[in-house]
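Residues 1338 to 2105, numbered by this note's numbering, are exactly what the sequence shown covers, in order. Notes to accompany the following structure.
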Amino acid sequence: MNINKPSLQLQKGISNRKYGSLRKVFAASMVTSALVSTMMVPQAFAEPIEEVIVTSQKRVQNLQDVSLSITVLSGKHLADLRIQQPADIGHFTPGLYVTTSNTGDPIFALRGIGMNNGESNQNPAVTPYIDEVALPSIAMMGFQLFDLERVEVLKGPQGTLYGRNVTGGAINFVTKKPTHEFDASARMDYGRFDLVEFEAAIGGSLSDTLAARIAVKSVTRDGWQTLMLGPDAGPVDENNGAIDRQSGRLSVLWTPNDNFDMLLVADAGFSSSEVLGYEHAGNLLHDRSGLCSYGATGIRNENECASFAIRRDSVGGNPVTGDVELVSDTDNDPRTVFASFSYGNIDKVDSWGFNNTMNLSMGRTTLTSVTGYRTLDRETGGDNGSPFIVSDTFSVKSIKMFSQEVRLASDETWDGLQWIVGAYYSKDKVDDLILFNYRDHTSFSGLFDSTFYQETRDIAVFANAEWTLSDTVKLVGGLRYTDEFKQFSYDGHNEGTGPVPVVGYIAEVSDTEITGKIGVDYTPTDDLLLYASFSRGFKGPGFPATISFGENQLAPFEAEELLAYEVGVKSTLAEGRVQLNAAGYYYDWRDMQATTAVTREGIRLIVLANAGNARIYGLEAEATWHVTDEFSIRAGLNWISAEITTGEFEGDTPVQTPKFSTSVIARYQSETPVAGVLPFLQADFSYRTKVELALANNHAEVQEGYALLGMRMGVKSEDDQWELSAWVRNLTDTLYKSSSFGAGSGFLPGRRMYAEPRMFGVSLNYRY
């Protein structure tokens, strides 16, 4: 579906403290609204901002008419900012924080709601959708972005139209659809670390009723890490973390008549890349009262931090002593890592996907069917972040999912009522074998294997309606009933000494939930929308999938619940040259699911469990300003206050929740030719304050505030057919962590990983 030619259906279609905080949020939003309504911009010669179309509510709408906080990045934004993977959108979306695994898989947290766990059987709290089909596993989220119409980031629980696992929100990746107009494009990039990137697409009419589009992308690049076997062994791989990925997509649109259309999409992705190595981070004392200096300051202190070998030989790696844990990285260079990778550092991925969307117009209603099927097979090596073999891993996983949604929607208002009703079914299977090598760990010497299988079934029915009471007032509401069932099995084996893992564990959990939303919209003018809403979302129960030596280590966790209150304003000002949107929100997060350190069977482990309740409230704003026809600015910010209110971590801040974050994108595009070409310059800036990467809120797992700067400059032809540019990301070579975990566990050493260094290159684009 081309954004300018939508399908038929889319064409027509608690405590005083809590309420005190809510009143503050509401008051702040009303002040923002008052400021918005009086804002004036004098540049009368600038063109109005183009209408931004979204389909977040299952029908075509202007972004400014949707009573929901949504950040939209168009295909052009994605290209101009070199957003290549889902993780890249985090720096340009207010309230969204993203950490990544050593394979590049993103873990999203939106307005503080997330899931700090990358196990393949876990569902995200912020779920990605590709053309309305959900990705149920975090392991499926490292795909390449190419040939996209736009990305829509929906904030807050989407309990009616999306259902489970969207407590934090949803991210819609909308691909470009075939049209009957011929178009073709190609782009080639060359950059640092021998980056070679190629992307191309071609589409058009095959007959009067058939149109097709094919798109491909290939990325190869050397790694940027230096991998060493030990402090005195010398480098063994000066380019660890190499990338070799290929992706493709074929879309076919059939429109035999004016009342029916069918879109078939098949895609594939392949990767034969290398995983990044972790840096050793040191550990907390078990009672959280102290921390070895290495973890606290990043500088090794021989008087306070035992080396790995000393720790292993003197106390046998015993995790119960309460002493500081082992540290081995001595060069203080976070981009040089010490590792053994006894199983290899490979990350091999084969993924396939299939979507079928059909729309049948039946007069005043449209019947829509969305079918999705996706598979992923993956082999991945892992290391513990030291030259010793104490927890090297090798994972072989297979994931399969199927989903079917059928919905009936009104094509027009029925006496002021516009509605959608539907039913949903999904089933996914996760099969994962993980090998553990503890050769140098005296307490767990030997080889372990851990195999788990999980099957999830989800059935839901839903209804959503918008009732126009007057020219200025509209009521919005919806409900969804969900029945979820999970079956989990686990087997472990030990070929060496030490404890015997669990064998033959089988369990199941089920849950039924009612979620939904109620709200009111007030539109005093065509250019101003005020809204208030209450919504409820949930994320289903599940099982931790970690190496286990007792069945209680595999105990299921319960569903989490989010009650969300939001007020907001959307405005268009200065004759369409300025858009300013703002929202205030209050979240009551109950039984939050999080990775945490617990002691079970006498062993301190990191597992996924219910970690207590939390209170979150905040303000966010986004603005777009066409200063002139040649110069535009886009900016966003988010301020948030978050605190865990019950449980072991009471008083701590939830993970991935910086108190303040902001981003600015400024672009100058000349409309006056210089030597026959049109020059342009773009700069982007993002900043976020300190963020905790673990529930323990310890020094070893915190990322201090940091800023990133990017630039892009070049020239393009007057007919916009070709473009030549140079670009740089992380211009100042800022060092910041992309993930960190384990420093509070007492079982294994803490590990952390840093994001890419400065990247730069040149790009040539051609469009026909």
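In this text, a Cβ means the ideal position worked out from N, Cα and C, and glycines have one as well. Computed from a prediction, not measured in an experiment: that's the story for all the values here.
By the 10 Å Cβ neighbour count, where 16 or more other Cβ atoms means buried, how is residue i classified, buried or exposed?
i	result
residue 1701	exposed
residue 1908	buried
residue 1851	exposed
residue 1431	buried
residue 1573	exposed
residue 1987	exposed
residue 2013	exposed
residue 1442	buried
residue 2088	buried
residue 1353	Residue confidence for residue 1353 is low, a pLDDT of 42 falling below 50, so the modelled location carries little weight and cannot support an answer.
residue 2010	exposed
Who are the near neighbours of residue i in its chain, counting only those whose CB is closer than 6 angstroms to its CB and skipping five residues on each side?
i	result
residue 1764	1739 and 1794
residue 1491	1393, 1407, 1506 and 1507
residue 1999	1974 and 2024
residue 1337	Look at the range of the chain in this structure, 1338 to 2105, and you will see that residue 1337 is not part of it.
residue 1592	1546 and 1598
residue 1587	1551 and 1603
residue 2049	2019, 2062 and 2064
residue 1585	1553 and 1605
residue 2006	1967 and 2017
residue 1719	1730
Looking at the structure shown, is residue i part of a helix, part of a strand, or coil, going by DSSP?
i	result
residue 1473	coil
residue 1878	coil
residue 1287	No information on residue 1287 is available, as it lies outside the stretch 1338 to 2105 that the chain covers here.
residue 1911	helix
residue 1979	strand
residue 1423	helix
residue 1402	helix
residue 1865	strand
residue 1947	strand
residue 2109	Outside the displayed range of the chain (1338 to 2105) lies residue 2109, so it cannot be described from this structure.
residue 1889	helix
residue 1489	strand
residue 2041	coil
residue 1761	strand
residue 1740	strand
residue 1503	coil
residue 1916	strand
residue 1561	coil
residue 2062	strand
residue 1990	coil
With a CB to CB cut of under 8 angstroms and the five nearest residues on each side skipped, what residues in its chain are close to residue i?
i	result
residue 1753	1804, 1805 and 1806
residue 1809	1859, 1860 and 1861
Does the beta carbon of residue i come closer than 7 angstroms to any beta carbon on chain C?
i	result
residue 1447	Chain labels in this structure do not include chain C; a single protein chain is all it has.
For the alpha helix (DSSP H) that residue i lies in, which residues bound it at each end?
i	result
residue 1412	1412-1417
List the endpoints of the continuous beta strand (DSSP E) containing residue i.
i	result
residue 1955	1951-1963
residue 1830	1810-1831
residue 1693	1683-1698
residue 1711	1702-1719
residue 1845	1842-1862
residue 1999	1997-2006
residue 2017	2015-2025
residue 2078	2074-2078
residue 2096	2096-2104
residue 1593	1580-1594
residue 1434	1433-1437
residue 1443	1443-1447
residue 1803	1784-1805
residue 1609	1597-1611
residue 1727	Here residue 1727 belongs to no beta strand (DSSP E), and DSSP marks it neither H nor E.
residue 1527	1520-1528
residue 1672	Looking at the DSSP string, residue 1672 is not in any beta strand (DSSP E), and its letter there is neither H nor E.
Excluding the 5 residues preceding and the 5 following residue i in the sequence, name in chain order all residues of the same chain whose CB lies nearer than 7 angstroms to its CB.
i	result
residue 1990	1979, 1980, 2029 and 2034
residue 2094	1561, 1672, 2067 and 2070
With contact counted as at least three CB pairs below 8 angstroms, one residue from each stretch, are the region 1897-1911 and the region 1875-1882 in contact?
-> yes
If you pair each beta-carbon of the region 1597-1612 with each one of the region 1678-1689, do three or more pairs fall below 8 angstroms?
-> yes
Contact between the region 1766-1780 and the region 1673-1685 (3+ Cβ pairs under 8 angstroms) | yes
Evaluate contact between the region 2010-2021 and the region 1464-1480, counting only Cβ atoms and requiring at least three cross-stretch pairs below 8 angstroms.
-> no
Kindly confirm or deny that the region 1556-1565 and the region 1519-1532 touch, where touching means at least three C-beta pairs closer than 8 angstroms.
-> yes
On the three-pair Cβ rule with 8 angstroms, is the region 1457-1470 touching the region 1500-1520?
-> yes
Contact between the region 1430-1450 and the region 1993-2007: three or more CB pairs below 8 angstroms?
-> yes
If we count Cβ pairs, one from each stretch, closer than 8 angstroms, do we get three or more for the region 1692-1711 versus the region 1723-1734?
-> no
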